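Q: Keeping their order, the protein sequence lines are chains A and B. Residue numbers for the first sequence follow my numbering, so the first one is 305 and each next one is one higher. Residue numbers for the second sequence follow my numbering, so the first one is 305 and each next one is one higher. Backbone N, C-alpha and C fix where the C-beta goes; we use that ideal spot for every residue, glycine too. All figures in this text were calculated on a predicted structure; none of them were measured in a lab. First the structure, then my questions, so here it is.
Protein chains: 2
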Amino acid sequence: MAVADQAREYARQHAAEFQEQLYTLLRIPSVSTDPQHKQDMLRAAEWLAAEMRRVGLDKAEVLPTGGHPVVYGEWLGAGENATTVLIYGHYDVQPAEMADGWSSDPFEPEERDGFIYARGSSDDKGQAFIHIKALESYLQTTGKAPVNVKLLIEGEEEIGSENLTNFIQANTERLKADVCVISDSGMPAIDQPSIVYALRGLSYMEIHVRGSKQDLHSGGYGGIVHNPALALAQIISKFHNPDNSIAVPGFYDDVLPLSDEERAELLKNDIRETTLREITGVTQSWGEEGYTLRERQSARPTLEVNGLYSGFTGEGAKTVLPAKAMAKISCRLVANQKPERIYELVRDYVAQITPPTVTSEVRLLNQGDPAIVDIHAPEMQAAVAAYERGWGIKPIFMREGGSIPVVADFRRELGVPVLLMGFGLSADGAHGPDEHFSVEMFRRGIQTAICFLEEAGR
Amino acid sequence: MAVADQAREYARQHAAEFQEQLYTLLRIPSVSTDPQHKQDMLRAAEWLAAEMRRVGLDKAEVLPTGGHPVVYGEWLGAGENATTVLIYGHYDVQPAEMADGWSSDPFEPEERDGFIYARGSSDDKGQAFIHIKALESYLQTTGKAPVNVKLLIEGEEEIGSENLTNFIQANTERLKADVCVISDSGMPAIDQPSIVYALRGLSYMEIHVRGSKQDLHSGGYGGIVHNPALALAQIISKFHNPDNSIAVPGFYDDVLPLSDEERAELLKNDIRETTLREITGVTQSWGEEGYTLRERQSARPTLEVNGLYSGFTGEGAKTVLPAKAMAKISCRLVANQKPERIYELVRDYVAQITPPTVTSEVRLLNQGDPAIVDIHAPEMQAAVAAYERGWGIKPIFMREGGSIPVVADFRRELGVPVLLMGFGLSADGAHGPDEHFSVEMFRRGIQTAICFLEEAGR
């Protein structure tokens, strides 16, 4: 009989209860980017700490940072000589409003067709909660886990984890561990478990273009001053080459080229054109020539427009000639690109292509390093074994297109190997309306997390 | 002693009172484009009708249309054989909020340095009010005006005067006149009175670009689907040629070329580069090569971006890959361009340049014909004489860059010559924040309007 058996049975028996508990957390609109939700952020953190104490952790507390607090809990009953696993997740979520196209209240979870619909259900409350429930399953049955466990759930992942580096640096002793697990990523399909070995980094910027000192009448001034919205569009149109590669000089200089072995590995799990169309509703795929869809989505850097704003955008017609125009843009980066360097390159390029008839400014909003994890490390093999037990089949390795800046932080500050054990699905709609999380994934995730604690302790 | 002398003296004596009365009208936020201001629209109309009755018009009433009502008043005491002057203005205004950059409440008029600051002060409440005060100055002194006067003040000019054509068609007998006067335009400087002989038309459109069926995570999908905000920028960047002329095929086909005589006339009143920079704050002028600033601003068609919207535009960083992007664009047109035809050309061009990776749609929001008025007509000469008496110097002829679609309507439906007697200043900031109206202009305008009624009756 395996060490994990009793815990696994407990988790199966309490599945419905676990889901209800997750709902309570999902109901708290912990939107980190919006100052109006400051109290909700605190509420979510306090709830998590109380839940950790309730299920049997030695200690769980809400710790202040320069921004939103982190929740830290630990169970160290396995003893000083046992392995220690540090688990990272985040309780903050992206903004969400019915007007964005939600079918139900984003902060009132609803199960439909086997999926839990709510903001943060997949990214990342549901995934973080899996580990609390795995630990509960040990502590409420055998009374102890096979390894020491430290849980660090932060509140600023969606806004760049600005204060986390400082927190880690100030708490290196407290956070000391043998391995770090992050569950904040997705797999393409529930039938094929996968482990992410690389993440993209991020450089998020705002471009501001200014013309006149105030909005003008388009009749009185149209034709003699350069419209900043037009100028912004003209600038943005110069970011890509005809083959959809990025035209910013020096942009690819630091990119680690894909090896043939990696390309072969990624090909095993390529994105199918028909699947992409079905999931997203786009007429056809787009992207950099010479690369597969999976490569474009995870192993190649990008430059996206995240937002555009200028002039009059309400109902009806206002014949204004705007004084300014703004774009939010972000570059997804791959190893070994440096976010700060990319910002400088974009900034210099925009300055170079801005016509003398307007002025422009590029501001860096936040950034995160790209990351690659060694797939041959023993900790990674423990994860492979855990997935195999949780799913019944071997996981495959893949890259993730998204960014988890904290991965680089953990490696650098704690000198610890970082495993990405994602329990999301690519089609969960993270960051968009109708974000959802598979109930089956939630259950298998808990089984896998339970097994991982055993495998990590071997 | 001229017929107008007593009226002119009355106007001088009551100048302060007239200004206070105008303030009452300016305090009503009659924003026609916003359904929330429907009651304010009605309030402004009722106030104007009451004011017309108070100053001695035979009759003044608020008449329904398919949208916001019109105010109609008349004094026909000059008799059946006398000349009848129809005066047009509008009581609706553009939207205005402190957040747009106003220095004081846009709906609480304030006099600073000889200017009245308020939304609608120049465009068009102040200008329309001038004619009511001119008429009052006759009726409250000699008891009669030199000509019959009909006043038509509409409430939908800022949203395309959609219901006015129907109203004019249904009231051709009531509106029958010998000449129509419109005061809804500006002159470059108060020291050089000018009469506008041409107006630009308008084709106002929305472009919608769609990619995925809902917003996506830019990490998960960045690089494999065409970002609609990027695609929109790419589309907009193709609207202009390198010489800043418009690249839409067929766009200039119907443009009546400027005659050498016209170009010489416009050159007398060209826009100075330094003046433009000073007024607007732009670093330098922009526009179509081969034309002077005045020509670009009034005698050449344009394509402006009035608004841009896509994705996340709030504070902070949201790594969204938007599902859609929208631009409001408008073309200022010159004789003999047709707004509907221009819409079709833009629509077809956008369809042609939209890449197969996204879909697009172009909607026509509203439109207005361009207009040219004969500068040699006797009615125009009456206006010239009136300005000369009001100012002490001869006015010059010029073109206006803005649009007053109703000019074409009056010509077509009533078969009446239309005079543009504008009392605004180009620098009044119509449609922008801190719109203002010169107190001196308000006074000279009333003097000129009084003289015009005498000149028109000769």
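What is the residue span of the beta strand (DSSP E) that V335(B) lies within?
A: Residue mapping note: residue 335(B) aligns to position 31 of the second sequence, counting from 1. Careful: V335(B) lies outside any beta strand (DSSP E) and carries neither H nor E.
Q: Here's the rule I'm using: 16 or more other beta-carbon atoms within 10 Å means buried, otherwise exposed. How should M402(A) be labelled?
A: The count along the first sequence starts at 1 and reaches residue 402(A) at position 98. Per the 10 Å Cβ criterion, exposed.
Q: Using the rule of at least 16 other Cβ atoms within 10 Å of the residue's Cβ for burial, across every protein chain shown, is D495(B) buried or exposed?
A: Within the second sequence, numbered from 1, the residue matching residue 495(B) stands at position 191. Answer is exposed; the Cβ neighbour count stays below 16.
Q: Would L506(A) pass as a contact of L637(A) if the rule is Cβ separation under 9 Å?
A: Numbered from its first residue, the first sequence carries residue 506(A) at position 202. Numbered from its first residue, the first sequence carries residue 637(A) at position 333. Against a cut-off of 9 Å, the Cβ pair of L637(A) and L506(A) comes out as a contact.
Q: In three-state DSSP terms, what is T512(A)?
A: Here the question's residue 512(A) lines up with position 208 in the first sequence. The sequence shown places His at residue 512(A), not Thr. In this structure, H512(A) counts as strand in the three-state DSSP scheme.
Q: Check each residue of the segment 729 to 761 of chain B: if its Cβ is closer than 8 Å to any Cβ of chain A, include it; give the result in chain order.
A: Answer set for the segment 729 to 761 of chain B: S730, G733, A734, H735, G736, P737, D738.
Q: Is the CB of Q656(B) under 9 Å away from at least one CB in chain A?
A: Position 352 of the second sequence, counted from the start, is the residue given in the question as residue 656(B). Not closer than 9 Å to any Cβ of chain A, the Cβ of Q656(B) fails to qualify, so no.
Q: With a cut-off of 9 Å, does the C-beta of H341(A) fall near any C-beta of chain B?
A: Here residue 341(A) corresponds to residue number 37 of the first sequence, with the count starting at 1. No, H341(A) does not count as interfacial toward chain B.
Q: Under the rule that 16 or more other beta-carbon atoms within 10 Å means buried, what is P450(A), buried or exposed?
A: For the purposes of this step, residue 450(A) is identified with residue 146 of the first sequence, where counting begins at 1. Buried, since its Cβ has 16 or more Cβ neighbours within 10 Å.
Q: In the DSSP assignment, find the unbroken alpha helix (DSSP H) run with H740(B) in it and report its ends.
A: Residue numbering aside, residue 740(B) sits at position 436 when the second sequence is read from its first letter. No alpha helix (DSSP H) contains H740(B), which is instead part of the beta strand (DSSP E) from 740 to 742.
Q: Sort out for me which residues DSSP pairs H394(B) with in a bridge.
A: Residue numbering aside, residue 394(B) sits at position 90 when the second sequence is read from its first letter. Partner(s): E458(B).
Q: Suppose only complete runs of 4+ residues qualify. What are the alpha helix (DSSP H) ranges in the segment 335 to 389 of chain B, listed by chain order?
A: Listed in chain order, they are 342 to 359.
Q: How close, in whole Å, do the beta carbons of V307(A) and I499(A) come, if the pair is a contact with beta carbons under 8 Å?
A: In the first sequence, counting from the first residue as 1, residue 307(A) sits at position 3. In the first sequence, counting from the first residue as 1, residue 499(A) sits at position 195. Not confirmed; about 22 Å, so no contact.
Q: Going along chain B, which residues have a C-beta under 7 Å from R504(A)?
A: Counting from one through the first sequence, the residue named residue 504(A) turns up at place 200. Result: G523.
Q: Using 9 Å as the threshold, is the C-beta distance between G705(B) and Q601(B) below it?
A: Working through the second sequence from its first residue, we reach residue 705(B) at position 401. Working through the second sequence from its first residue, we reach residue 601(B) at position 297. In contact: G705(B) and Q601(B) (Cβ atoms closer than 9 Å).
Q: Taking 9 Å as the threshold (C-beta atoms), are I436(A) and G749(A) in contact?
A: Along the first sequence, read from residue 1 onward, the residue named residue 749(A) stands at position 445. Along the first sequence, read from residue 1 onward, the residue named residue 436(A) stands at position 132. Not in contact: G749(A) and I436(A) (Cβ atoms no closer than 9 Å).
Q: Check the Cβ-Cβ distances between T663(B) and every residue of chain A, and say whether any is below 9 Å.
A: What you label residue 663(B) is simply residue 359 of the second sequence in a count that begins at 1. It does: the Cβ of T663(B) has a partner Cβ on chain A nearer than 9 Å.
Q: Cβ of I420(B) within 9 Å of Cβ of E717(B)?
A: As a first step, residue 420(B) must be located in the second sequence, where it is residue number 116. As a first step, residue 717(B) must be located in the second sequence, where it is residue number 413. No.
Q: Which residues does DSSP list as the beta-bridge partners of S408(B)?
A: Here residue 408(B) corresponds to residue number 104 of the second sequence, with the count starting at 1. Answer is none; S408(B) lacks a bridge partner.
Q: Nearest CA to the CA of E384(B): which residue from D482(B), N470(B), H530(B)?
A: Sequence index remark: in the second sequence, residue 384(B) carries index 80 (1-based). Among D482(B), N470(B), H530(B), the Cα nearest to that of E384(B) belongs to D482(B).
Q: Under 9 Å between C-beta atoms, does A403(B) make it to chain A?
A: To locate residue 403(B), count along the second sequence from 1; it is residue 99. It does not; no Cβ of chain A falls within 9 Å.
Q: Measure the Cβ-Cβ separation of H521(B) and T623(B) and say whether it is below 9 Å.
A: As a position in the second sequence, residue 521(B) is number 217, starting the count at 1. As a position in the second sequence, residue 623(B) is number 319, starting the count at 1. Yes, the Cβ-Cβ distance between H521(B) and T623(B) is below 9 Å.
Q: Of all Cβ atoms in chain B, is any one closer than 9 Å to the Cβ of M630(A)?
A: Position 326 of the first sequence, counted from the first residue, corresponds to residue 630(A). Cβ-Cβ to chain B under 9 Å: yes for M630(A).
Q: For D519(B), go through chain A and note every residue whose CB falls closer than 9 Å to its CB, in chain order.
A: Within the second sequence, residue 519(B) is the residue found at index 215, counting from 1. Per Cβ cutoff of 9 Å: D404, G405, G733, H735, G736, P737.
Q: Which whole-angstrom value is the C-beta distance of E461(A) and L625(B), which I expect to be below 8 Å?
A: As a working note, residue 461(A) is residue 157 in the first sequence. As a working note, residue 625(B) is residue 321 in the second sequence. Going by Cβ atoms, the distance from E461(A) to L625(B) rounds to 18 Å, so no, they are not a contact pair.
Q: According to DSSP, which residues form a beta bridge with M702(B)?
A: Locating residue 702(B) in the second sequence gives position 398, counting from the first residue. Note: M702(B) sits in a beta bridge opposite V500(B).
Q: Which residues in the same chain have their Cβ closer than 6 Å to the Cβ of A639(B), if we skip the five residues on either side of it in sequence?
A: Numbered from 1 along the second sequence, position 335 holds the residue referred to as residue 639(B). Around A639(B): L560, P674, I676.
Q: Just verifying my parser: in three-state terms, what is the DSSP assignment at Q323(B)?
A: As a working mapping, residue 323(B) is identified with position 19 in the second sequence. Three-state result, Q323(B): helix.
Q: Just to confirm, is the Cβ distance from A631(B) to A621(A) under 9 Å?
A: Within the second sequence, numbered from 1, the residue matching residue 631(B) stands at position 327. Within the first sequence, numbered from 1, the residue matching residue 621(A) stands at position 317. No. Outside cutoff.
Q: Could you tell me the distance, in whole angstroms, from the CA atom of H512(B) to the CA atom of S541(B)?
A: Taking the second sequence and counting its residues from 1, one reaches residue 512(B) at position 208. Taking the second sequence and counting its residues from 1, one reaches residue 541(B) at position 237. Spanning the two alpha carbons is a distance of roughly 15 Å.
Q: Mind checking the segment 386 to 401 of chain A against chain B and listing, in chain order, the residues whose C-beta falls within less than 9 Å of any C-beta there?
A: Correct list: Q398, P399.
Q: Alpha carbon to alpha carbon, what distance is there between S563(A) and L479(A)?
A: If you number the first sequence from 1, residue 479(A) lands on position 175. If you number the first sequence from 1, residue 563(A) lands on position 259. Answer to the nearest angstrom: the Cα atoms are 35 Å apart.
Q: Show which residues of chain D have a CB atom less than 7 Å away from the CB atom of Y613(A).
A: No chain D appears in the structure shown, which is made up of the protein chains A and B.
Q: Please report the straight-line C-alpha distance between E582(B) and S408(B), rounded to a whole angstrom.
A: By one-based count along the second sequence, residue 582(B) stands at place 278. By one-based count along the second sequence, residue 408(B) stands at place 104. Spanning the two alpha carbons is a distance of roughly 22 Å.
Q: Could you please give the first and the last residue of the uninterrupted alpha helix (DSSP H) stretch that includes Y653(B)?
A: Position 349 of the second sequence holds residue 653(B). Unbroken alpha helix (DSSP H) run through Y653(B): 643 to 657.
Q: Could you spell out where the beta strand (DSSP E) holding S664(B) opens and where it closes?
A: For the purposes of this step, residue 664(B) is taken as the residue at position 360 of the second sequence. 663 to 672 is the span of the beta strand (DSSP E), which, as asked, contains S664(B).
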